[in-house]
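> This structure is in structure tokens; I'll ask about it shortly.
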Amino acid sequence: MGTRSDMQRHRRGRTSTVVGVRQPTAGPAAEGPAADDADVVSPLPARRSAVSAAVSAAAVEFLRSAAVGTRVVARHRIPGGLTDALGYLSSSDASGCVIRTRRADVRVEFSTVVLAKQVPPPPVARRGGRPAAGRQVCDG
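If you want it as structure tokens, here you go:
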């Protein structure tokens, strides 16, 4: 088993396992003798894509079937990467849904959804806190 940083790099898809040795999956180092070795465990992009598609399909199914007013988080693709929409499901149709966040209503197209799940209600805001500077606290 590798170190924690090795495992994190592996999860991010930067390395592949070569019988207990980490090798880069791309770049000049991957073109060396290890790339021709039969013991190299090749990354499985087709399987990864199938798993990602199954997870996305389950997330879309959840968003389609969730009741309006359910608190949800949906991770979806935007130009330049991914973003999360956290809030209450406000409406849903055949092509997407609207999530009411603290800032605005966010339209999330089902074709861009990567992950989605129900989340618990937000924590209750605490009252009070620290007294303002120069203000006396009365114990009585």
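The sequence shown stops at residue 161 when you use my numbering, and every number in between is there. The C-beta atom is built at its ideal place from N, Cα and C for all residues, glycine as well. Remember, predicted model here, so these are calculated numbers, not experimental data.
1) Within the continuous beta strand (DSSP E) that includes Thr104, where are the two ends?
2) With DSSP run on the structure shown, which of helix, strand or coil describes Arg124?
3) On a CA-only basis, which of Gly149, Leu136 and Ala146 is nearest Val93? Give me that one, please.
4) When the Cβ atoms of the region 106 to 115 are set against those of the region 68 to 79, are three or more pairs found closer than 8 Å?
5) Identify the residues that DSSP records as bridge partners of Val129: which are they?
6) In angstroms with no decimal places, state the Cα-to-Cα distance between Arg96 and Arg123.
7) Nearest to Arg121 by CA position, among Gly90, Pro142, Thr133 and Lys138, is which residue?
8) When DSSP labels each residue in this structure, what does Arg92 get in the three-state scheme?
9) Between Asp114, Arg148, Asp126 and Ile99, which has its C-alpha nearest Phe162's C-alpha?
10) Beta-carbon separation of Thr133 and Arg85 under 7 Å?
11) Measuring straight from C-alpha to C-alpha, what distance separates Ser116 and Ala125?
According to the structure data:
1) Gly102 to Ser113
2) coil
3) Leu136
4) no
5) Cys118
6) 16 Å
7) Gly90
8) strand
9) Past the boundaries of the shown model lies residue 162; the chain is included only from 22 to 161, so the question cannot be answered.
10) no
11) 20 Å
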